[in-house]
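These protein sequence lines are chains A and B, in that order. The opening position of the first sequence corresponds to residue 1 in UniProt numbering, with each subsequent residue numbered one higher. The opening position of the second sequence corresponds to residue 1 in UniProt numbering, with each subsequent residue numbered one higher. Down below is the structure, laid out as C-alpha cells.
Protein chains: 2
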Amino acid sequence: MADGITDRVRPRDRILETAQDMFHKHGIKGVGVDAITEAAGTNKMTLYRHFESKDELIVQCLRASAAKGAAIWDEFEAEHPGDKLAQLHAWVRKVAEMLAADGRGCDMANAAVELTEPDHPARSVIKELKGAQRDRLVALCRDAGIGQAELLADTLSLLFEGARVSVQTMGCQGPSTQFVRMAEGLISSFRAR
Amino acid sequence: MADGITDRVRPRDRILETAQDMFHKHGIKGVGVDAITEAAGTNKMTLYRHFESKDELIVQCLRASAAKGAAIWDEFEAEHPGDKLAQLHAWVRKVAEMLAADGRGCDMANAAVELTEPDHPARSVIKELKGAQRDRLVALCRDAGIGQAELLADTLSLLFEGARVSVQTMGCQGPSTQFVRMAEGLISSFRAR
DNA sequence: CTAGGGTGTTACCGGTCTGTAACTATCCTG
DNA sequence: CAGGATAGTTACAGACCGGTAACACCCTAG
Chain A
1 MADGITDRVR PRDRILETAQ DMFHKHGIKG VGVDAITEAA GTNKMTLYRH FESKDELIVQ
61 CLRASAAKGA AIWDEFEAEH PGDKLAQLHA WVRKVAEMLA ADGRGCDMAN AAVELTEPDH
121 PARSVIKELK GAQRDRLVAL CRDAGIGQAE LLADTLSLLF EGARVSVQTM GCQGPSTQFV
181 RMAEGLISSF RAR
Chain B
1 MADGITDRVR PRDRILETAQ DMFHKHGIKG VGVDAITEAA GTNKMTLYRH FESKDELIVQ
61 CLRASAAKGA AIWDEFEAEH PGDKLAQLHA WVRKVAEMLA ADGRGCDMAN AAVELTEPDH
121 PARSVIKELK GAQRDRLVAL CRDAGIGQAE LLADTLSLLF EGARVSVQTM GCQGPSTQFV
181 RMAEGLISSF RAR
C-alpha cells in the first residue's frame with residue numbers, strides 16, 4: 001500500500017515521532033521497542049541502527065519534545081512582537097488549552113517519575129531542559145517589567161506543573177480548571193507591587 | 001538470624017510496608033514482586049496468598065500511603081486544637097519539610113503517571129483518595145475563615161503537587177525551595193480580602 | 001551496469017516479568 | 001498430642017523485554 005508517510009519520511013524520523021507519541025500516551029516503561037517500530041512501519045534492526053539503545057531513544061524523544069515546547073514560545077513572540085506582558089498572558093491561555101486537551105502531563109516530568117535510577121542518562125537531560133524552560137519564563141516575567149520576576153516565574157511554573165499532574169490524578173474537571181484564574185490573579189498581584 | 005521484625009510482624013504487613021517503600025523509591029513498574037518478597041523476608045507464594053495480584057497490591061499500597069498522609073493531618077489537629085489557621089500554617093511547614101527530605105513525589109501522583117491504562121484498578125482509587133485530600137484542605141481553609149476557600153485550597157494543592165514534581169525534575173534546590181514563601185503569600189493575600 | 005548503503009525479515013539470545021503447582025515445614029490452638 | 005491454618009521452598013509456565021546475527025532486498029550514485 002502506498003502509505004505516503006511511510007514512504008517519504010525517513011525511518012529515523014518516523015521512529016522518533018512515533019516513540020514520542022507512544023511514550024507520551026502510555027509511559028516509557030509501558031512501551032517496548034517492538035511496539036514502537038511496528039507502529040512506525042519499520043523494524044527493530046532499523047531502530048538500533050539509528051539509536052544505540054532504548055535509553056538513547058528516550059533522550060532524543062525528550063529533546064524533541066522540549067523543542068516543540070520551545071517552538072510555541074516563538075509563536076507568542078510572533079503574535080505579540082515586543083509585548084512581553086501579552087506574551088505572558090498568551091502563555092497562560094496556552095497552558096489552559098493544553099490542560100483541557102491533553103490528559104497526560106509533561107513528557108519530562110513523567111520521565112522523571114518513571115526513570116528513578118539516579119544515573120539514568122535521561123535525568124541530566126531533564127534537568128537541563130527544565131532549567132531552560134524556567135529561565136525562559138523568568139526572562140519573560142522580567143522583560144514584562146515585573147518585580148520579583150523569579151518568584152512569579154517559579155510560582156507559575158509550580159502551578160503549571162501541578163496542574164498537569166492534577167489532570168492525571170483527578171481528571172480535567174478537577175482543580176486544574178481554575179488555572180487561568182490562579183495565574184491571572186498572581187500576575188496582577190505581582191504587577192501591583 | 002533473629003530478625004525481630006521478620007519474626008513478629010505478620011508477612012502480609014511486611015509485604016505491604018516493603019512494597020510501599022520500594023514502589024515509592026523505584027517506581028511501580030521498576031519493582032517486581034520477587035524483589036518485594038525478598039526484601040520483605042518472605043516469598044512469592046505468600047504474597048499471592050494475601051494479594052490476588054500485583055495490581056491489588058498496588059491499590060492496597062496506595063490506600064496505606066494515603067492513610068499515612070491523613071494521619072499527619074490528625075497531628076495538626078492535635079498540636080493546634082481548634083485553631084484551623086495554625087493548622088494550615090503547620091501544613092505549609094510540613095510540606096516544605098517533605099520537599100527537602102524526600103526526592104520522590106506523591107505516591108498517588110507517581111502511580112497515575114506510571115499506570116496509563118484508563119481502566120487500571122488503581123486509577124479510580126487515586127481519584128478517590130486525591131479527592132478526599134482536596135476536600136480536607138478545602139474544609140481547613142473554610143474553617144480557617146477564609147473566603148474563596150475552594151480557590152485557595154486548589155491553588156495550594158497545585159503548588160504542592162507542582163513542587164513535588166519539581167523536586168524530581170530539577171532537584172531539591174530548584175523552585176520548590178520557594179514553596180513556603182509562595183504559600184504564605186497566598187494565604188495572607190486571601191485573608192486580606 | 002554495478003557497487004554499496006540503507007532497509008526489511010527472520011530467528012534467536014539471555015534475562016525478567018507475573019502468576020501457579022506441588023510439596024514440605026512450622027506454629028498455634030483445641 | 002492432634003489437626004488445621006499459615007508460611008516457606010523449588011520448580012515451572014508463558015509472555016515479554018532489550019538487543020544482536022545473518023541474510024535478502026532495493027534504490028540510487030557513479
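We put the beta carbon where it would ideally sit given N, CA and C, even for glycine.
Kindly indicate which three-state DSSP category residue i falls into: helix, strand or coil?
i, result
"ASP13 of chain B", "helix"
"ASN110 of chain B", "helix"
"GLY69 of chain A", "helix"
"CYS61 of chain B", "helix"
"THR155 of chain B", "helix"
"GLN173 of chain A", "coil"
"ARG93 of chain B", "helix"
"ARG104 of chain B", "coil"
"ILE126 of chain B", "helix"
"HIS120 of chain A", "coil"
Note down, in chain order, every chain A residue with its Cβ under 9 Å from the Cβ of residue i.
i, result
"GLY27 of chain B", "LYS29, VAL113, GLU114, LEU115 and THR116"
Can you give me the Cβ contacts of residue i inside the same chain, cut-off strictly under 8 Å, excluding the 5 residues immediately before and after it?
i, result
"ARG193 of chain B", "GLY147 and GLN148"
"ALA35 of chain B", "MET22"
Report the neighbours of residue i on chain B: residues whose CB is nearer than 9 Å to its CB, in chain order.
i, result
"VAL165 of chain A", "GLY105, CYS106, ALA109, ALA112, VAL113, LEU158, GLU161, GLY162, ARG164 and VAL165"
"ARG93 of chain A", "Under the 9 Å cutoff, chain B gives no residues; its nearest Cβ is about 17 Å from ARG93 of chain A."
Give me the chain A residues within the contact set of residue i, using Cβ-Cβ distance strictly less than 7 Å, ordered along the chain.
i, result
"GLN173 of chain B", "None at all; the shortest Cβ gap to chain A is about 11 Å."
"GLY131 of chain B", "MET170"
"ASP154 of chain B", "PRO175 and GLN178"
"SER189 of chain B", "SER189"
So which residues of chain A does residue i contact, with C-beta pairs closer than 8 Å?
i, result
"LEU151 of chain B", "GLN178, ARG181 and MET182"
I'd like the list of long-range same chain contacts for residue i, defined as Cβ closer than 7 Å, with 5 residues on each side in sequence excluded.
i, result
"MET182 of chain B", "LEU159"
"VAL33 of chain A", "LYS44, LEU47 and LYS54"
Would you mind sorting residue i into buried or exposed? The rule is 16 or more other CB atoms within 10 Å of its CB.
i, result
"MET22 of chain A", "buried"
"ASN110 of chain B", "buried"
"MET45 of chain A", "exposed"
"LYS130 of chain A", "buried"
"ASP119 of chain A", "exposed"
"GLY27 of chain A", "buried"
"ARG191 of chain A", "exposed"
"SER189 of chain A", "exposed"
"ARG123 of chain A", "buried"
For residue i, go through chain B and note every residue whose CB falls closer than 7 Å to its CB, in chain order.
i, result
"ILE126 of chain A", "THR169"
Within its chain, find whatever has a CB closer than 6 Å to the CB of residue i; leave out the 5 residues flanking it on each side and keep chain order.
i, result
"ASP154 of chain B", "none"
What residues from chain B crowd round residue i, counting only those whose CB sits closer than 8 Å?
i, result
"ARG134 of chain A", "MET170, GLY174 and PRO175"
*Check distances from the C-beta atoms of the UniProt domain "HTH tetR-type" (9–69) of chain B to those of chain A and list, in chain order, the residues that come in under 8 Å.*
LYS25, HIS26, GLY27, LYS29 and GLY30
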